[in-house]
Amino acid sequence: EPEVTQTPSHQVTQMGQEVILRCVPISNHLYFYWYRQILGQKVEFLVSFYNNEISEKSEIFDDQFSVERPDGSNFTLKIRSTKLEDSAMYFCASNKDRTSNQPQHFGDGTRLSIL
Amino acid sequence: QQQVKQSPQSLIVQKGGISIINCAYENTAFDYFPWYQQFPGKGPALLIAIRPDVSEKKEGRFTISFNKSAKQFSLHIMDSQPGDSATYFCAAVHGSGNTGKLIFGQGTTLQVKP
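Below you can see the structure in the form of structure tokens.
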């Protein structure tokens, strides 16, 4: 079964540094998402992406965050200047169709630790 | 309006018992309600989902009960097994015209004792 893959599995970064989290969505999927899960808390929506542009973003997704689909397979999340509170699990998800009857498939996440 | 409230936060059930997790929502624009199962170190995986025009959906040992008028839905795990021990999230999705983002509940950590 095709799956969403994320790299790296764990990223340790100094506060203030830039970090790029990478995702390879399922190949025939058109909608892409990033979610965040702070330890012990719920999964929170960050951003959705379709047709090479952001379709929706949450309040969490401020100017320090950006997303890109640099080629036909990768989908990246960049945090320009990391803060301690950015420490979390970041999950990428993809969907064939944004309508409600198509499930989102999640990767296993990147654990981001900011020191 | 955007929230999905989930309870209990944690649940301990004996093997063979029934696990019940409840969720409630406010926004009537939600029209798809999936449940995700998450094991430690893994991403959420879709378990079962329901649309509000159906009151119940069953897949194997997993059943969703949906009460549209009360804006509540619940997951029932019959004959719970130790392998079911995981965190369960209910979620909701807006109807068509939206981006398909998932609004998650707070999660329930289920432990099934052998």
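Residue numbers (the working numbering), protein chains in the order written: chain A, 1 to 115; chain B, 1001 to 1114. Positions of the beta carbon are idealized from the N, C-alpha and C atoms, including for glycine.
Going by beta carbon distance, what residues of the same chain come within less than 8 angstroms of S113/A, once the five residues before and after it are set aside? Against the first sequence, residue 113/A aligns to sequence position 113. Taken in chain order, the residues that qualify are H10, Q11, V12, T13, S87.
Taking 8 angstroms as the cut-off, does the stretch 1096 to 1112 of chain B touch the stretch 25 to 45 of chain A (at least 3 CB pairs, one atom from each stretch)? yes
Can you tell me where the beta strand (DSSP E) with S1007/B in it begins and where it stops? Stepping through the second sequence from its first residue, residue 1007/B is reached at position 7. It spans 1004 to 1007 - the beta strand (DSSP E) in which S1007/B sits, taken as one unbroken run.
Alpha carbon of S27/A to alpha carbon of S73/A, nearest angstrom: Position 27 of the first sequence holds residue 27/A. Position 73 of the first sequence holds residue 73/A. Distance between the alpha carbons of S27/A and S73/A: 7 angstroms.
Extent of the continuous beta strand (DSSP E) run through F1039/B: Within the second sequence, residue 1039/B is the residue found at index 39, counting from 1. That residue, F1039/B, is in no beta strand (DSSP E); it is neither H nor E in DSSP.
Alpha carbon to alpha carbon, what distance is there between L21/A and K57/A? Numbered from 1 along the first sequence, position 57 holds the residue referred to as residue 57/A. Numbered from 1 along the first sequence, position 21 holds the residue referred to as residue 21/A. Their Cα atoms are separated by approximately 17 angstroms.
So what's L84/A in DSSP terms, helix, strand or just coil? Position 84 of the first sequence, counted from the start, is the residue given in the question as residue 84/A. L84/A: helix per DSSP, three-state reduction.
Let me know the beta strand (DSSP E) ranges lying completely inside the stretch 3 to 42 of chain A, each 3 residues or longer, listed in chain order. 5 to 7, 10 to 13, 19 to 24, 31 to 37
Cutoff 7 angstroms; reference Q64/A; Cβ partners in own chain excluding five residues on either side: Looking up residue 64/A in the first sequence gives position 64. These residues qualify, in order along the chain: I79, R80, S81.
According to DSSP, is D1084/B part of a helix, a strand, or is it coil? For the purposes of this step, residue 1084/B is taken as residue 84 along the second sequence, with counting starting at 1. Here D1084/B sits in helix by DSSP.
Roughly how many angstroms separate the alpha carbons of L84/A and T1099/B, rounded to a whole number? In the first sequence, the residue the question calls residue 84/A occupies position 84. In the second sequence, the residue the question calls residue 1099/B occupies position 99. In a straight line, the C-alpha of L84/A is about 29 angstroms away from that of T1099/B.
Return the chain-ordered list of same chain residues with a C-beta closer than 6 angstroms to the C-beta of V1013/B, the five sequence neighbours on each side being excluded. Numbered from 1 along the second sequence, position 13 holds the residue referred to as residue 1013/B. Closer than 6 angstroms at the Cβ level, and outside the excluded window around V1013/B, lie S1019, S1080, V1112.
Apart from the five residues just before and just after Y50/A, which ones in its own chain have a Cβ nearer than 6 angstroms to its Cβ? Working through the first sequence from its first residue, we reach residue 50/A at position 50. The residues are Y31.
State buried or exposed for Q17/A, treating a residue as buried only when at least 16 other CB atoms are found within 10 Å of its CB. Counted from its first residue, the first sequence places residue 17/A at position 17. Classification for Q17/A: exposed.
Under 7 angstroms between C-beta atoms of I1021/B and T1108/B: Working through the second sequence from its first residue, we reach residue 1021/B at position 21. Working through the second sequence from its first residue, we reach residue 1108/B at position 108. Yes.
Per DSSP, cross-strand counterpart(s) of F75/A: In the first sequence, counting from the first residue as 1, residue 75/A sits at position 75. C23/A, per the DSSP bridge assignment.
Go ahead and pull the three-state DSSP assignment for E59/A. Stepping through the first sequence from its first residue, residue 59/A is reached at position 59. Three-state result, E59/A: coil.
Spatial neighbours of S1065/B within its chain, please: C-beta separation below 6 angstroms, excluding the five flanking residues on both sides. Counting from 1 along the second sequence, the entry for residue 1065/B is found at position 65. Result list for S1065/B: E1056, S1074, in chain order.
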